[in-house]
Ligand SMILES: Cc1cc2nc3c(=O)[nH]c(=O)nc-3n(C[C@H](O)[C@H](O)[C@H](O)COP(=O)(O)O)c2cc1C
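In the numbering used here, the protein residues as written are 26 to 194.
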């Protein structure tokens, strides 16, 4: 965070499809006493309810889900390619099973509001949770998609977060 400068989300020039789908992001929530983080490559940015927002999708079994549900805010942190192994690890190990953040080599830090992110991030979005809902089996229009992505019925929860802070390198 130290080397990032605050920007208006409207100034973002990065391509969303690449940023989330290829670069990936860390969803983090909690506080200085306790927080968790996980890798995500599904989601998006846009405008909803006249606000700049992010959309993220979290399966029920993720340890991070409880933190996102409990807290009023979460962050999205984006990194350079050199941190791909850390994101890979944070996206395959659970915070339930040990201190994966310490093992990742990333350096946790906190926004002024006390939300967790990482010193190594090149783009950080601090989001105020506006909506916490569940994808529903009977609302899929394409059944095949539901069957392929959710054979276990573990439908993602969908969160909409207002981008209340944005910092870029
Ligand atoms: C590239 C990549 C993308 C991922 N995207 C998502 C996602 O969008 N939503 C999700 O629920 N899990 C996603 N995951 C899986 C979680 O990051 C993974 O289950 C993680 O270990 C959860 O950690 P936690 O239990 O500490 O929360 C992704 C994993 C990887 C490697």
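Where a beta carbon is used, it is the ideal one built from N, C-alpha and C, also for glycine.
These figures come from a predicted structure and were not determined experimentally.
In DSSP terms, what residue i is bridged to
i: residue 80; result: 69, 185
i: residue 39; result: According to DSSP, residue 39 bridges with nothing at all.
i: residue 61; result: 54
i: residue 99; result: 152
i: residue 190; result: 151
i: residue 157; result: 184
Residue interval of the alpha helix (DSSP H) (run including residue i)
i: residue 168; result: 168-174
i: residue 131; result: Neither: residue 131 is in no alpha helix (DSSP H) and is coded neither H nor E.
i: residue 89; result: 88-95
Test item: CB-CB of residue i and residue j under 9 angstroms
i: residue 155; j: residue 193; result: no
i: residue 132; j: residue 102; result: no
i: residue 33; j: residue 140; result: no
i: residue 94; j: residue 153; result: no
i: residue 62; j: residue 51; result: yes
Three-state secondary structure (DSSP) of residue i
i: residue 148; result: strand
i: residue 30; result: strand
Element boundaries [beta strand (DSSP E), containing residue i]
i: residue 108; result: Careful: residue 108 lies outside any beta strand (DSSP E) and carries neither H nor E.
i: residue 117; result: Element bounds for residue 117: n/a, residue is neither H nor E.
i: residue 143; result: 141-143
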